[in-house]
Structures are given as structure tokens and as C-alpha cells.
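Report on the following structure.
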Amino acid sequence: MKPMPDSPLPWHRSQWQQLNERRAQGRFPHALLLTGPEGVGKSHFARQFAQSLLCNGPLATGQACGDCRACLLVRAGSHPDLSLVSPLEGKKSISVDQVRGVGHYLSLKSQYGRHKVVVVSPADSMNVNAANSLLKTLEEPNEGSVLILTTSRPAQLPATIRSRCQELRFGEVVQKEAAPWLKSQLEGDENPLTLLALAGGAPLKALRMADKELVSLRKDLFTGLERLAAQGADPISLANQWVKADTQRGLYWMYSWITDMVRLKATAAAPKISNEDMVQPLARLAAGASLQALLQQQERVVTVLRQEEQNLNLQLLLEDLLIEWRNCFAATKQRPFVQDDRI
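In the numbering used here, each number is its position in the sequence shown, counted from 1, plus 70.
Given below as C-alpha cells:
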């Protein structure tokens, strides 16, 4: 895997242009809230824009020059006017002490005479006391200070914080932009479409999943479901395999596969599906079950995901789920054709 590029990501052009126009017009906000799905690069965008605010000679596009002393300090992680705040190692939450430190930091004079910038990521990991402390900083901003928050779950932030920030939204990344970029970042022979399917279309999440063992696990679990649908496997044995593997990830994959099968079953024209690298085997499976049975199975997967979080007997939950999966196909006369070398 190559290092992340020291430049904006291709699918961030619109958001970058919006902020650059505001800056040119003198309307740049003191607090930004970057929202959007996990893995689309919000934190990367925040750091890139922070660097551009601190750069001594930004380009006409608003991007940092990358060569000045300020840019070199940012890249080295030692710029005195930039602070990156996230949960401490081994912790899940941003503490109130960390946020109090943010308020004190922003009250200090910029050492390089430009801005003082703080990036809080993910902002939804702040505990209640930390969020309340941040509110005080937002209510009384210091001149030249810029606070950038990122979150994939904006609803988890207090409304009082959201209302004091200008929101910049990041949507899902289209495959024609994500796939070429992802391919350029991979050093092995991984299939970018497979990785994007693993990550739900999120490019940076897909990059983190460039793991051959994970790709192999996905293939094995899907093959097991295929054989079960063809009445050629034992649901008890398959459930045991899932328990020993990454169960929650497998359930999310199963939900994604069934969702694509429903789309293939319900749409006459070629539908947009998440698992484009598996369209043919998914279509074959979809042909072997009724739409109603697939919708019911989709609901069962959601139920098991909820129950799995309650630490119930996972083996029994999976056995019941996989028996019902097999029954989806046993109820039809047509059997899905199983082919081993199609993923």
C-alpha cells in the first residue's frame, strides 16, 4: 500500500471549490463540520485544507504549495499552529481534558501569524462533558482560529454544536472515480472492484481492506452460501465456520449480497449493485429464490445482527439463519448453478 497522496482526493473537487470560494470572498467560517459516510476521506480533506490555511504561498486553486516551511512542518506533524485531536491510544472517546486543551490552544497567538487550526476527528467520539466544553469554544471563537470537525454520524453530535458549525457534506463516491484511484494506490494484484464491494463503496475504507486473507474469507463465505442454496452443504457446519471467522463482517456481506439479489430480481433493466465483481453468481442465486423469500431473508440478517450485539448464542442464531437461507431455494423448482471459479 502506498502512502496517502499529499493532495486533495479526486472526488473532493466540489467541496474544495466551495471552501476556496468562501475563503476568496472573506466568508470563511471559524467552525466547519465535515459529514459523510465512513471511508470517503473527510479526515484527509480536513488535514489538506488545514495545510492550505497555514501555507505561506497557496496555489491559485487554494491548495497548499507543499514546499514552504509551513507545509514541511505540517507534513512532519510539528507545525505549532495545527493540532489534530482524536481518541488517545487505547481509548474510544475524546476526553473533556483533551477538549479543554483545544480551547486553551486556540486562545494562544499564532506563532506564524496566520491561523490556529484544530481538527477533531471523529467528533462524535467526544463524551458528553467534552462536547459541552467544546460548545464554549464555539460560542466565543478567537480571531484567526479555525475548528474543523469530522463525523460519519452527525446525529450523534449535540444540535447546539451542529448549529454553530457550517456543514460541508461528502456523499458516496462514484465507482468511476474510486476504482482508478484505488488501483493506483495498490501495490499488489488486488481487484479494486472487490475491495470497493468489501468496503461498501468507500475508497479509503477499501484501501485499508487490501488484505488477501479478507478477500479469501469473503469468497469462502459466499461459496458456502452458494452450496447451501444448491442443497449441497450442511448449515450447521457452515454456521460453525462463520462463528470461527469474522461473524459480524460476514453478516454485513450477506446483507449486501441479498440486497443486490433483490435489485437483480426486482429490476428489469441492469440495476446498480454494490458487489459488481459478483454480478453473475448473484444473478444465478437470485434466479433460484422468490423475491418475497429474499426480502424475508434480508430481515432475518438484520435481526441476527441486532441479536449478535446482545451476546446471545451466536452458533444457534447462525444455524437458524442458514437453515432459512437454504429453505429459500428449496421452495423453488429451479436450482442455482454453482460454479467454483467465478469470483
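Heads up, the beta-carbon is just placed ideally off N, CA and C, and yes, glycines get one too.
Checking the sheet assignment: what are the DSSP bridge partners for residue i?
i	result
S215	K186
V155	V190
T230	In DSSP, T230 forms no bridge with anything.
T220	L104
M196	I164
Within this structure, are the beta carbons of residue i and residue j separated by less than 7 Å?
i	j	result
G294	L308	yes
V166	N199	yes
V187	V172	no
D137	Y182	no
L387	V374	yes
P273	A299	no
R184	L124	yes
F119	H82	no
L204	R234	no
Leaving out five residues before and five after residue i in sequence, what residues of the same chain have Cβ atoms less than 8 Å from its Cβ?
i	result
S156	I164, V190, S191, P192, S195
Q404	Note that Q404 scores 46 on pLDDT, short of 50, meaning its location in the model is unreliable; the coordinates nonetheless yield the value given after this. Excluding residues within five positions, the ones whose Cβ falls inside 8 Å are A357, G358.
V372	Y325
I328	L364, Q367, Q368, V371
P224	L103, T105, D194, R232, E237
N212	L176, S177, K186
L252	P262, L265, L266, P273, A276, L277
Counting only the same chain and skipping the five closest in sequence on each side, list residues whose C-beta sits under 7 Å from that of residue i.
i	result
A269	G109, K275, A276, M279
P128	S122, A134, C135
I306	E389
For residue i, count the other beta carbons within 10 Å of its own beta carbon; 16 or more makes it buried, fewer makes it exposed. Which is it?
i	result
T264	buried
N345	buried
Q88	exposed
E257	exposed
T230	exposed
P262	buried
Q318	exposed
R139	exposed
Q85	buried
R396	buried
Skipping 5 residues on each side, what residues in its chain have a beta carbon closer than 6 Å to that of residue i?
i	result
S113	S191, T220
L79	G111
A353	L334
L217	A101, V188
Indicate the three-state DSSP secondary structure (helix, strand or coil) for residue i in the structure shown.
i	result
G337	Inspection of the sequence shows that residue 337 is occupied by Thr rather than by Gly. DSSP places T337 in coil when its eight states are reduced to three.
T131	coil
Q181	coil
A140	helix
R376	helix
M279	coil
L104	strand
Q95	coil
R319	helix
L238	strand
I164	strand
C398	helix
D259	coil
P150	coil
P80	helix
N126	coil
D304	coil
S344	coil
F248	As written in the sequence, residue 248 is Ala, which differs from the Phe given in the question. Reduced to three states, the DSSP call for A248 is helix.
G294	helix
Please check if any C-beta of chain B sits within less than 7 Å of the C-beta of residue i.
i	result
T230	You won't find chain B in this structure, because it holds only one protein chain.
Taking 6 Å as the cut-off, is the C-beta of residue i nearer than that to any heavy atom in the ligand MN?
i	result
G271	With respect to the ligand MN, the structure offers nothing, as it holds no ligand at all.
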